Ligand SMILES: NC(=O)c1ccc[n+]([C@@H]2O[C@H](COP(=O)([O-])OP(=O)(O)OC[C@H]3O[C@@H](n4cnc5c(N)ncnc54)[C@H](O)[C@@H]3O)[C@@H](O)[C@H]2O)c1
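Numbering (the numbering used here), first residue to last: 80 to 330.
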């Protein structure tokens, strides 16, 4: 049974649910949880297939989803991850920043490439040795809760600190830190009123070459901190995780 639980019915939870409705994800049953139950009920009402809304994580776990997607917050990862893993449920984590502190390793935890790509290449290079990763993120001030009228460098430093200071908007820094080693990743954040998209430019120097990656992502209309690509990367990973689950549970 391809049963999916989603924790968090905001921008990403909604895009994933709509992908299930459009059969982009093959899913037999969807269970929704949001600590703001009205958001879960509102999302359920907008969907044209049968959906169960639950009041807490315990109720979701009782329904035995094959995969749970966390699309809520770093705190949700801290609060729920252990219980989900204890039940042997596959867990897709969107709020990747939380994993930097938790130091948990489990083959049940799946991390999407999020708002960037090329993570496979960086991961390959890190086996040989990555010298340096420089992430420069430029966003419109409203995506950073700022109101500057001129371009402004708002942060320069480590990935860990960037994730702490911008817990909702710097998951890319966390993904890079988990892929290469955290101490190799340097982060610059620019608040620029001329920028309409969330732009991530990544320069990598590694043992056998250089890489230059650039992503200019449309922000989600209801949450400018979140890039559309992040939700679609979760959808791709959800399909892969459900396929793997179906293969292993039928053998
Ligand atoms: N990995 C990436 O590249 C990437 C990219 C964008 C966003 N994100 C992260 O994904 C998460 C979701 O993003 P979004 O844009 O959908 O956010 P959102 O604010 O639009 O929606 C989050 C929803 O989760 C609910 N929620 C928050 N904490 C909760 C908790 N502890 N228990 C239950 N429900 C809870 C909120 O009520 C809200 O409805 C955020 O943490 C965000 O930082 C990751």
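All C-beta atoms, glycine included, are put in the ideal place defined by N, C-alpha and C.
Computed from a predicted model, the values in this text were never measured in an experiment.
- If you draw a straight line from the Cα of residue 137 to the Cα of residue 84, it is about 12 Å long.
- Linking residue 134 to residue 100 through their CA atoms gives a straight-line distance of about 22 Å.
- Taking all protein chains shown into account, residue 288 has fewer than 16 neighbouring C-beta atoms within 10 Å of its C-beta and is therefore exposed.
- Looking at the DSSP output, residue 189 shares a beta bridge with 171.
- With a cut-off of 8 Å on Cβ pairs, the stretch 159-168 is not in contact with the stretch 122-131, counting fewer than three such pairs.
- Between the stretch 232-245 and the stretch 271-280 there are fewer than three C-beta pairs closer than 8 Å, too few to call the two in contact.
- In the three-state DSSP reduction, residue 129 falls in the coil class, being neither helix nor strand.
- Here residue 128 is exposed: its Cβ has fewer than 16 other Cβ atoms, across all protein chains shown, within 10 Å.
- Assignment of residue 263 by DSSP, reduced to helix, strand and coil, places it in the helix class.
- For residue 302, the distance from the CB to the nearest heavy atom of ligand 1 is below 7 Å.
- Judged by DSSP secondary structure, residue 210 falls within the beta strand (DSSP E) whose first and last residues are 209-218.
- Excluding five sequence positions before and after residue 227, the CB atoms of its chain that fall closer than 6 Å to its own CB belong to 220 and 270, given in chain order.
- Between residue 144 and residue 110, the CB-CB gap stays under 8 Å.
- Looking from the CA of residue 130, the closest CA among 82, 224 and 202 belongs to 82.
- Closest option to residue 114, judged by alpha-carbon separation, among 107, 155 and 106: 155.
- For residue 225, no beta strand (DSSP E) encloses it, and the DSSP letter there is neither H nor E.
- Here the alpha carbon of residue 286 sits roughly 14 Å from the alpha carbon of residue 260.
- Residue 249 is classed as buried because its beta carbon has at least 16 other beta carbons within 10 Å across all chains shown.
- With respect to the 8 Å criterion, residue 327 and residue 146 are not classified as neighbours on the basis of their beta carbons.
- Between the C-alpha atoms of residue 206 and residue 252 there is a straight-line separation of about 19 Å.
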